[in-house]
Amino acid sequence: MQEKIVIKGAREHNLKNVALELPRNKMIVFTGLSGSGKSSLAFDTIFAEGQRRYIESLSAYARQFLGGLQKPDVDEIEGLSPAISIDQRAHSANPRSTVATITEVYDYLRVLFARVGRPYCPQCGTRIEKMALEEMRGRIEAVLNKKCVQTSELIILAPVVRGRKGEYYQLFYDIYNSGFLEVRVDGQLKSLRERLILDKHSKHTIEVIVDKIPTVVFDNNRLAEAVETAVELGGGLCVVRYPDGTEHLYSTEYSCPRDGYSFPEIEPRLFSFNSPFGQCRACTGLGTKEVFGEEVCPECLGKRLNPDALNVRLGEYNIYETTAMGITEARAFLTKAADTLSPAEKEISSAVFREVENRLQFMLDVGLDYLTLDRKAGMLSGGEAQRIRLASQVGTRLVGALYVLDEPTIGLHQRDNDRLVSTLRNLCDVGNTIIVVEHDEDTILTSDWVVDIGPGAGDHGGEIVYSGTLDRLLNIPAANHKKQINSKPQLPSVKIFDCDLAGDPAKSLTGKYLRGEIKIPLPDKRRKVDGATPRLKIKGAAEHNLKNVDIQIPLRRFVALTGVSGSGKSTLMHDIVYRAIANKLHHTDYTVGKHKQILGLEYLDRVIKIDQSPIGRTPRSNPATYTKAYDQIRELFAATPEARMRGYKSGRFSFNVPGGRCEHCEGRGVLEIEMHFLPSIEIACEVCQGRRFDAQTLQIHYNGRDIAAVLAMTIEEAEDFFRDIPLIFDKLKILNEVGLTYLTLGQSATTLSGGEAQRIKLSRELAKRGTGRTLYLLDEPTTGLHYEDVRKLIEVLQRLAAQGNTLMVIEHNLDVIKCADWIIDLGPEGGNKGGEVIAAGTPIEVARRAGSHTGQYLRRVLGK
Numbered sequence: 038m039q040e041k042i043v044i045k046g047a048r049e050h051n052l053k054n055v056a057l058e059l060p061r062n063k064m065i066v067f068t069g070l071s072g073s074g075k076s077s078l079a080f081d082t083i084f085a086e087g088q089r090r091y092i093e094s095l096s097a098y099a100r101q102f103l104g105g106l107q108k109p110d111v112d113e114i115e116g117l118s119p120a121i122s123i124d125q126r127a128h129s130a131n132p133r134s135t136v137a138t139i140t141e142v143y144d145y146l147r148v149l150f151a152r153v154g155r156p157y158c159p160q161c162g163t164r165i166e167k168m169a170l171e172e173m174r175g176r177i178e179a180v181l182n183k184k185c186v187q188t189s190e191l192i193i194l195a196p197v198v199r200g201r202k203g204e205y206y207q208l209f210y211d212i213y214n215s216g217f218l219e220v221r222v223d224g225q226l227k228s229l230r231e232r233l234i235l236d237k238h239s240k241h242t243i244e245v246i247v248d249k250i251p252t253v254v255f256d257n258n259r260l261a262e263a264v265e266t267a268v269e270l271g272g273g274l275c276v277v278r279y280p281d282g283t284e285h286l287y288s289t290e291y292s293c294p295r296d297g298y299s300f301p302e303i304e305p306r307l308f309s310f311n312s313p314f315g316q317c318r319a320c321t322g323l324g325t326k327e328v329f330g331e332e333v334c335p336e337c338l339g340k341r342l343n344p345d346a347l348n349v350r351l352g353e354y355n356i357y358e359t360t361a362m363g364i365t366e367a368r369a370f371l372t373k374a375a376d377t378l379s380p381a382e383k384e385i386s387s388a389v390f391r392e393v394e395n396r397l398q399f400m401l402d403v404g405l406d407y408l409t410l411d412r413k414a415g416m417l418s419g420g421e422a423q424r425i426r427l428a429s430q431v432g433t434r435l436v437g438a439l440y441v442l443d444e445p446t447i448g449l450h451q452r453d454n455d456r457l458v459s460t461l462r463n464l465c466d467v468g469n470t471i472i473v474v475e476h477d478e479d480t481i482l483t484s485d486w487v488v489d490i491g492p493g494a495g496d497h498g499g500e501i502v503y504s505g506t507l508d509r510l511l512n513i514p515a516a517n518h519k520k521q522i523n524s525k526p527q528l529p530s531v532k533i534f535d536c537d538l539a540g541d542p543a544k545s546l547t548g549k550y551l552r553g554e555i556k557i558p559l560p561d562k563r564r565k566v567d568g569a570t571p572r573l574k575i576k577g578a579a580e581h582n583l584k585n586v587d588i589q590i591p592l593r594r595f596v597a598l599t600g601v602s603g604s605g606k607s608t609l610m611h612d613i614v615y616r617a618i619a620n621k622l623h624h625t626d627y628t629v630g631k632h633k634q635i636l637g638l639e640y641l642d643r644v645i646k647i648d649q650s651p652i653g654r655t656p657r658s659n660p661a662t663y664t665k666a667y668d669q670i671r672e673l674f675a676a677t678p679e680a681r682m683r684g685y686k687s688g689r690f691s692f693n694v695p696g697g698r699c700e701h702c703e704g705r706g707v708l709e710i711e712m713h714f715l716p717s718i719e720i721a722c723e724v725c726q727g728r729r730f731d732a733q734t735l736q737i738h739y740n741g742r743d744i745a746a747v748l749a750m751t752i753e754e755a756e757d758f759f760r761d762i763p764l765i766f767d768k769l770k771i772l773n774e775v776g777l778t779y780l781t782l783g784q785s786a787t788t789l790s791g792g793e794a795q796r797i798k799l800s801r802e803l804a805k806r807g808t809g810r811t812l813y814l815l816d817e818p819t820t821g822l823h824y825e826d827v828r829k830l831i832e833v834l835q836r837l838a839a840q841g842n843t844l845m846v847i848e849h850n851l852d853v854i855k856c857a858d859w860i861i862d863l864g865p866e867g868g869n870k871g872g873e874v875i876a877a878g879t880p881i882e883v884a885r886r887a888g889s890h891t892g893q894y895l896r897r898v899l900g901k
């Protein structure tokens, strides 16, 4: 097999006829400025061609259901393996999807509970067993051998009445005529030769004495005959009284021996909340009253399953209780449960246990130990969702595949990076190729090959600045090598790959940061936090894993909220701080996380959450519409002489309403093609060729450009084009300042990453006139950002704080954390082991705190 991937003439998006060679079965990092072309090369060229070739390999019959995928704009790719893409936007918001279902752990758990689970009666809690007649006889003999006392007898009884009122004259008569001489009524032996009188208003239990078998000379055939007769009389039930006085009820059906509750056949679908056989009938398996609501279903109490499914246990727990465990706890429980099974059950379930173990172990390896298996997919961050999908892929144990990952370290604390990188390297070691689009320093420093794309973004990017070994990038003549020697992960040994090197490492911006030639500077002066500083005080925060903590947030400062994944940062920021303040200041009606009191609201008049959620859910939303710049652009076009002569108003230039838009695609510019079991794809509208507007509207020009051409401009081009229109220019200038020069004005919101969407929201806030009394909440704003972009972002954040606003930023990026005025570090670990304030103070103070994981890594950065 070819030992390298050869790419020739890649021109997708802004790529400029790129040619490079990549080693197979190695870990390759693609890095560069935001918009430089990393994703265009990794996902839109390499992965897209791999997916296209897979579809082309299918039969003509299968391809007719899939349609054809368009070939990426590339001359040739050699040595390409089957490709698997795992990006940040691929996780499902389906309310039925959970961590367990995505990783397929739940599928294996359903099989496990169906095969070795123990059913219990939902009404009385009695253990229910189902046996064949031969199995029942063998069990009786096995027990008898342990308990047998000489000169005693084994009594076989058939329960014909259980806990029902009546006199039962006719029943006794029929039993006697069938040849039986004794019965046991309410625990007392009675002869059928006597007249039996029962109180018809009382409940009775009647059992026929089928046989009394002496144990001195035991007759196996007599036992078999007696058991068969008892089961026939007792409707599938048989009671055995052993010589030592103990009794046991056996059943050939899943029915309760005490109250007759009939249990359904135990099979995997009984445990599926997506199946009518297993789901709660009130909420149809959602666990909530409404599809996307938060109010728990009153019947199943959020457990999603019906009572039958919830009363099958493995050890002490049912399947819902198992999935409600954390990853570490679930793994320990299943290991213990496997040891309690019989040899036959172990043989049946060993493969299932092994599959579950592999997936749980991988989730532990990538820092997801704090998640519970029943966590809904919609509640996962982009980084968490990507690592969970990676866990499901690793579970398949493919060899010879090409994995293309988009920033897998998002949301990971520095402490957890090593485990993730180690897992990725293990994937390489078994014969896979890993391409990672990444800016994380630890990941880059443990890679085999680095591709730096640039030199700038958008039209200024799309070239290979450097492609080669990590060692060559770090070790150039006269370079400062302190970065390499520092206490970072150990570098791989120098390897010689049969691949052509490209570019000059001295010109690589990434290389300059890695070598320490360029650094993100510390602020010249931090804003002082002292006794006179106004503070937002949260008392008794106890939502999720927060342990009744009191937290003080200094206002009019840049505050970083840090801690390992799952330590409680998002719960504090989103569920308590944001919701409580929004309810008070903006009269919203959020359900607020548990806390006792919040003080200091008099210092605020607005709270704004700038997260990574999309700026719009359809292709109609774009940077121009979201920042309101498009309103002024439409007014400009409507004010042109030609438009006024035709009577066109600004609405004519909107693609959201009929009038000037292309009605074939309704102004979307694209048509969606259903791909059945593959993701849907979008193709350009054949009528407007993706331009969104009709021919008459496109005849109107402003400064030589029609409305479609303006929307196709990059933000950098548009800033210069509208330089004389302050209302538009000011908005575009801020978009440039936050590093989004490469986006087009009309770029669909659905194509934006979480980090890009967050920076567009940030730019809209910067364009507003601030009161200086606003609390801004940001969740990992450095997502998708190169070192140079992070430097620009920090400048923007510092400017917001300088205006007297308060910034509270959840962040793992040490360059951002070191520039904050104040740090609140939660931990010490994730999940149940987190939720406490480990340290609060300036970066220097937190770095000195011995028990803080953040402080440990911060010391390295501050010491450089």
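Numbering (this note's numbering), first residue to last: 38 to 901.
Built from N, CA and C at the ideal position, the CB exists for glycine as well.
Just so it is clear, the structure is predicted and the values come from calculations on it, not from any experiment.
Alpha helix (DSSP H) segment containing Pro824, residue limits
As a first step, residue 824 must be located in the sequence shown, where it is residue number 787. Per the sequence shown, residue 824 should be read as Tyr rather than Pro. Counting along the chain, the alpha helix (DSSP H) containing Tyr824 begins and ends at 824-839.
Nearest-angstrom Cβ-Cβ length linking Ile647 and Leu815, presumed shorter than 8 angstroms
Position 610 of the sequence shown, counted from the start, is the residue given in the question as residue 647. Position 778 of the sequence shown, counted from the start, is the residue given in the question as residue 815. So it is a contact: roughly 5 angstroms between Cβ atoms.
What are the partner residues of Pro196, as DSSP defines its beta bridges?
Position 159 of the sequence shown, counting from 1, holds the residue named residue 196. In DSSP, Pro196 forms a bridge with Glu244.
Whose C-beta lies closer than 6 angstroms to the C-beta of Gly605 among residues of the same chain, with five residues either side of it excluded?
On the sequence shown, position 568 is the one that residue 605 refers to. Closer than 6 angstroms at the Cβ level, and outside the excluded window around Gly605, lie Asn582, Leu583, Leu863, Gly871, Gly872.
Express the C-alpha separation of Ala97 and Asp56 in angstroms, rounding to a whole number.
Along the sequence shown, one-based indexing puts residue 56 at 19. Along the sequence shown, one-based indexing puts residue 97 at 60. Checking the displayed sequence, the identity of residue 56 turns out to be Ala instead of Asp. Going by the C-alpha atoms only, they are around 32 angstroms apart.
For Pro591, report the span of its beta strand (DSSP E) as first-last.
Position 554 of the sequence shown, counted from the first residue, corresponds to residue 591. Here the beta strand (DSSP E) through Pro591 covers 586-591.
Pairwise C-alpha distance: Cys702 and Arg689
Numbered from 1 along the sequence shown, position 652 holds the residue referred to as residue 689. Numbered from 1 along the sequence shown, position 665 holds the residue referred to as residue 702. Computed Cα separation, rounded: 16 angstroms.
Could you tell me the alpha carbon to alpha carbon distance between Gly821 and Arg147, rounded to whole angstroms?
The sequence position of residue 821 within the sequence shown is 784, counting from 1. The sequence position of residue 147 within the sequence shown is 110, counting from 1. If you take the alpha carbons of Gly821 and Arg147, they lie about 38 angstroms apart.
Report yes if the C-beta of Glu336 is less than 7 angstroms from at least one heavy atom of the ligand MN; otherwise report no.
For the ligand MN, the structure offers nothing, since it holds no ligand at all.
Cα-Cα separation between Ser687 and Ala661, rounded to whole angstroms:
Residue mapping note: residue 687 aligns to position 650 of the sequence shown, counting from 1. Residue mapping note: residue 661 aligns to position 624 of the sequence shown, counting from 1. Using only the alpha carbons, I get a separation of about 15 angstroms.
Beta carbon of Val629 nearer than 8 angstroms to that of Ile613:
Here residue 629 refers to the residue found at position 592 when the sequence shown is read from its first residue. Here residue 613 refers to the residue found at position 576 when the sequence shown is read from its first residue. Contact flag set, yes.
What do you get for Arg705, buried or exposed, if any count of 16 or more other CB atoms within 10 angstroms of its CB means buried?
As a working mapping, residue 705 is identified with position 668 in the sequence shown. By the 10 Å Cβ count, Arg705 comes out buried.
With Ala721 as the anchor, note down where its beta strand (DSSP E) starts and where it stops.
Taking the sequence shown and counting its residues from 1, the one referred to as residue 721 is at position 684. Its beta strand (DSSP E) spans residues 718-721.
Mapping the DSSP letters down to three states, classify Tyr279 as helix, strand or coil.
In the sequence shown, residue 279 corresponds to position 242, counting from 1. It is coil, neither helix nor strand.
Taking the C-alpha atoms as reference points, what is the distance between Ser379 and Glu353?
The sequence position of residue 379 within the sequence shown is 342, counting from 1. The sequence position of residue 353 within the sequence shown is 316, counting from 1. One C-alpha to the other measures close to 16 angstroms.
Start and end of the beta strand (DSSP E) containing Pro60?
On the sequence shown, position 23 is the one that residue 60 refers to. Element bounds for Pro60: 55-60.
Between the stretch 333-353 and the stretch 363-381, are three or more C-beta pairs nearer than 8 angstroms?
yes
State the Cα-Cα distance for the pair Ala169 and Pro313, rounded to the nearest angstrom.
Position 132 of the sequence shown, counted from the start, is the residue given in the question as residue 169. Position 276 of the sequence shown, counted from the start, is the residue given in the question as residue 313. Computed Cα separation, rounded: 28 angstroms.
Counting Cβ pairs, one atom from each stretch, are 3 or more of them under 8 angstroms apart for the stretch 748-756 and the stretch 777-785?
yes
Taking 7 angstroms as the limit between beta carbons, can you name the residues of its chain near Ser228, skipping five residues before and five after?
Here the question's residue 228 lines up with position 191 in the sequence shown. Here the set comprises Leu218, Glu219.
State the Cα-Cα distance for the pair Gly791 and Ile847, rounded to the nearest angstrom.
The residue labelled residue 791 in the question sits at position 754 within the sequence shown. The residue labelled residue 847 in the question sits at position 810 within the sequence shown. About 15 angstroms.
For Gly324, is the classification buried or exposed, using 16 other Cβ atoms within 10 angstroms of its Cβ as the cut-off for buried?
Indexing the sequence shown from 1 puts residue 324 at position 287. Under this definition Gly324 is a buried residue.
Simplified DSSP assignment, three categories, for Met64
In the sequence shown, counting from the first residue as 1, residue 64 sits at position 27. Residue state, collapsed to three classes: strand.
Which runs of the beta strand (DSSP E) fall wholly inside the stretch 287-364 and span at least 3 residues, in chain order?
349-351
Using the three-state DSSP reduction, which class does Gln649 fall into: helix, strand or coil?
What you label residue 649 is simply residue 612 of the sequence shown in a count that begins at 1. Gln649 falls in the coil class under three-state DSSP.
Same chain, Cβ closer than 6 angstroms to Ile114, five either side skipped, listed in chain order:
Position 77 of the sequence shown, counted from the start, is the residue given in the question as residue 114. Only Ile44, Glu86 meet the Cβ criterion.
Measuring only the C-alpha atoms, how far is Pro526 from Asp858?
For this step, residue 526 is matched to residue 489 along the sequence shown. For this step, residue 858 is matched to residue 821 along the sequence shown. With a pLDDT of only 42 at Pro526, under 50, the local geometry of the prediction cannot be trusted, and the value read off the model is given with reservation. Approximately 29 angstroms between the Cα atoms of the pair.
DSSP on Lys519, reduced to helix/strand/coil?
Locating residue 519 in the sequence shown gives position 482, counting from the first residue. Residue placement at Lys519 cannot be trusted, given a pLDDT of 40 that sits under 50; what the coordinates show is reported in the next sentence. Helix at Lys519.
At least three beta-carbon pairs within less than 8 angstroms, the stretch 748-767 to the stretch 663-683
yes
Whole-angstrom distance between Ala676 and Arg897, CA atom to CA atom
The count along the sequence shown starts at 1 and reaches residue 897 at position 860. The count along the sequence shown starts at 1 and reaches residue 676 at position 639. One C-alpha to the other measures close to 58 angstroms.
With a threshold of 6 angstroms on Cβ separation, who are the neighbours of Glu672 within its own chain once the five nearest residues in sequence on each side are excluded?
The residue you call residue 672 lines up with position 635 of the sequence shown. The residues are Ser687.
Give every residue of the same chain whose Cβ lies closer than 8 angstroms to the Cβ of Asn773, excluding the five residues on either side of it in the sequence, and list them in chain order.
Within the sequence shown, the letter at position 736 stands for residue 773. Closer than 8 angstroms at Cβ, skipping near neighbours: Ile752, Glu753, Glu756.
Could you pull out every residue in the same chain whose Cβ sits closer than 8 angstroms to the Cβ of Asp731, ignoring the five residues on either side in sequence?
Within the sequence shown, the letter at position 694 stands for residue 731. Excluding sequence neighbours, Asp731 sits near Gly697, Arg698, Cys699, Glu700, Cys725.
Which of the three DSSP states is assigned to Ile165 in this structure?
Within the sequence shown, numbered from 1, the residue matching residue 165 stands at position 128. Note: Ile165 maps to coil in three-state DSSP.
So who's on the other strand from Leu274, going by DSSP bridges?
The count along the sequence shown starts at 1 and reaches residue 274 at position 237. Paired residue(s): Ser288.
For Val268 and Lys183, I'd like the C-alpha separation in whole angstroms.
Taking the first residue of the sequence shown as position 1, residue 268 is located at position 231. Taking the first residue of the sequence shown as position 1, residue 183 is located at position 146. One C-alpha to the other measures close to 24 angstroms.
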